[in-house]
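> This is the structure I want to talk about, given as structure tokens.
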Ligand code: PSV
Ligand code: MN
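Take a look at the structure:
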């Protein structure tokens, strides 16, 4: 089916359509950019230096985020959803072509398992995409699997179940190696729903033993990222429930084991930016799963609810960059569930919102802040952060996209291209509106 802004062969959004959309917005953007440049120069900030940093910023997209998510109650799929990793890559290409800050995709196995990983790698490369962290899945049973994960995986009481979960993680490393990935992220659903169900210490010991076997299988240039989560599917206790358990495991396993912070995996009101600071200090910050939440692991779009919290996290990250903190190279990935929006639009928006937090954090006057901290001037310290947060950096973000061939207004351009309707004909609904995770 031919739709106006689409190249039929690859389903890619036509570069001419992006250019046309940008032309309509060029004059206004230039005026806004110049005005912002003048405003920033009064504080001694060179807008071109900040724009170059916006151009260099990258955040990966989760393959599993390209389909409509679901809750425990229902899933309401949209039209033209990708049915396999090859189609997910097509959607990821649209996200990157418009945002120009998401050139890497994170696969989840076995959801994204294929027979020929070389063909998959080439398919992604043809769209200008490469591969981010690989994620293992021992929180679900897979068809044909010998042992059930109902009572856990890497920390299960039965040796055979633990071995099966270890073997899966090792095969994920192998598949990731073929794709050119360098990180294995492990999140387990292991835990307890009843007090007394699980011996806390023994479960953690079994987990550490299993993880040591996985760590031993890491290629030398790989990292192992551990993801904690305080609840769900275990609602009383999870084996890796918080950053404490996480960093203990990472320290025990070795230098290349690091902690991953998923923003939705903490108790409400938790001071996540302080956790980030601690992990940075001890060279254990592996990376992030960005999303937003009000109640728990809501998986809402990044920055949609707590943009200031996201900014404060980036304030810590930029501070570490500024101080040239040793061992500091965190990996950024989105991890969201899109229940009521087009996943492509949410992922574009979210990537830009995370980029926005980074750019605002670059505007913080760090010398002044250090002075206020030293003098215990709480009000001015806080105002220094707020001053950066209140700057509307949209012209910087749009200019960075424009210079890299992306869209000044990615959502409007995406809608004009009619991408979703264009792919719908080739991607008939697979049905399946039942509840479930993404
Ligand atoms: C678990 O809630 C999680 O955050 C982990 O990162 C999983 O890999 C992902 O969501 C998908 O279920
Ligand atoms: Mn996550």
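Residue numbers (the numbering used here): 44 to 481. Note that the Cβ used here is the ideal one computed from N, Cα and C, for glycine as well.
1. So, helix, strand or coil for residue 305, using DSSP?
2. How is residue 63 classed by DSSP in three states: helix, strand or coil?
3. Out of 452, 466 and 467, state which residue places its alpha-carbon closest to the alpha-carbon of residue 141.
4. Can you check which of these residues, 211, 92, 82 and 330, is closest to residue 180 by C-alpha distance?
5. Under the criterion of a Cβ to heavy atom distance below 7 Å, does residue 151 qualify as lining the ligand PSV?
6. How would you call residue 429, buried or exposed, if buried means at least 16 neighbouring beta carbons within 10 angstroms?
7. Confirm, please, whether the CB-CB distance from residue 222 to residue 257 is below 8 Å.
8. For residue 178, which beta-bridge partners are listed by DSSP?
9. Does the ligand PSV have even one heavy atom less than 7 Å from the beta-carbon of residue 107?
10. Does the separation of the CB atoms of residue 392 and residue 112 fall below 8 Å?
11. Per DSSP, residue 374 forms a beta bridge with which residues?
12. Assign residue 472 to one of two classes, buried (16 or more other C-beta atoms within 10 Å of its C-beta) or exposed (fewer than that).
13. If you run the structure through DSSP and keep just helix, strand and coil, what is residue 298?
14. Measuring CB atoms only, is the stretch 348-367 touching the stretch 289-298, in the sense that at least three cross pairs come out at less than 8 Å?
15. Considering only heavy atoms of the ligand MN and the C-beta of each residue, which residues fall inside 5 Å, strictly closer?
16. Is the beta carbon of residue 98 sitting closer than 8 Å to the one on residue 447?
17. Between the stretch 450-469 and the stretch 103-120, do at least 3 Cβ pairs fall closer than 8 Å?
18. Less than 8 Å between the C-beta atoms of residue 176 and residue 251, yes or no?
19. Quick check on residue 310: does DSSP put it in helix, strand or coil?
20. Select from 197, 244, 172 and 265 the residue whose C-alpha is nearest the C-alpha of residue 216.
21. Out of curiosity, what's the CA-to-CA distance linking residue 128 and residue 459?
22. Quick one: does the C-beta of residue 230 sit closer than 7 Å to a heavy atom of the ligand PSV?
23. Would you kindly work out how many angstroms separate the C-alpha atoms of residue 218 and residue 229, rounded to a whole number?
24. With DSSP as the reference, please indicate the residues paired to residue 234 in a beta bridge.
25. Can you list, in chain order, the residues of its chain whose CB lies under 8 Å from that of residue 387, leaving out five sequence neighbours each side?
26. Kindly indicate which three-state DSSP category residue 162 falls into: helix, strand or coil?
27. Can you find a heavy atom of the ligand PSV that lies under 7 Å from the Cβ of residue 57?
28. Skipping 5 residues on each side, what residues in its chain have a beta carbon closer than 7 Å to that of residue 255?
29. Rounded to a whole number of angstroms, what is the C-alpha to C-alpha distance between residue 470 and residue 172?
30. How is the alpha helix (DSSP H) around residue 141 delimited, first residue to last?
31. If you count every other CB in all the chains shown that lies within 10 Å of the CB of residue 100, and 16 or more means buried, which is it?
If we stick to the structure as given:
1. Residue 305 carries a strand assignment under DSSP once its states are collapsed to helix, strand and coil.
2. Under the three-state reduction of DSSP output, residue 63 falls in the helix class.
3. For the residues 452, 466 and 467, the minimum Cα distance to residue 141 belongs to 452.
4. It is 211.
5. Closer than 7 Å to some heavy atom of the ligand PSV: that describes the Cβ of residue 151.
6. The residue is exposed, with fewer than 16 neighbouring Cβ atoms inside 10 Å.
7. Their beta carbons are not under 8 Å apart, which means residue 257 does not touch residue 222 by this criterion.
8. According to DSSP, residue 178 bridges with 151 and 228.
9. At least one heavy atom of the ligand PSV is nearer than 7 Å to the Cβ of residue 107, so yes.
10. Contact: no.
11. Beta-bridge pairing links residue 374 to 330.
12. With fewer than 16 neighbouring CB atoms inside 10 Å of its own CB, residue 472 falls in the exposed class.
13. DSSP places residue 298 in the coil class of the three-state scheme, outside both helix and strand.
14. Note that the stretch 348-367 does not touch the stretch 289-298; fewer than 3 beta-carbon pairs, one per stretch, sit closer than 8 Å.
15. Sorted by chain position, residues whose beta-carbon lies closer than 5 Å to a non-hydrogen atom of the ligand MN are 305, 332 and 378.
16. Their beta carbons are under 8 Å apart, which means residue 98 touches residue 447 by this criterion.
17. Result no; under three Cβ-Cβ pairs closer than 8 Å.
18. Result no, Cβ atoms of residue 176 and residue 251 do not sit closer than 8 Å.
19. Looking at residue 310 - three-state DSSP - the assignment turns out to be coil, as it is neither helix nor strand.
20. Comparing alpha carbon positions, the residue from 197, 244, 172 and 265 closest to residue 216 is 265.
21. The alpha-carbon atoms of residue 128 and residue 459 are separated by roughly 25 Å.
22. A distance criterion of 7 Å places the beta-carbon of residue 230 in contact range of the ligand PSV, judged by its closest non-hydrogen atom.
23. Approximately 15 Å between the Cα atoms of the pair.
24. Residue pairing by DSSP places residue 234 opposite 281 in a beta bridge.
25. Within the same chain, residue 387 has close Cβ partners 109, 134, 137, 138, 457, 462 and 463.
26. For residue 162, the three-state secondary structure derived from DSSP is helix.
27. Residue 57 Cβ: outside cutoff for every heavy atom of the ligand PSV.
28. Answer for residue 255: 296, listed in chain order.
29. Each residue's Cα considered, the two are about 22 Å apart.
30. Counting along the chain, the alpha helix (DSSP H) containing residue 141 begins and ends at 128-142.
31. Around the C-beta of residue 100, 16 or more other C-beta atoms lie within 10 Å, and the residue is accordingly described as buried.
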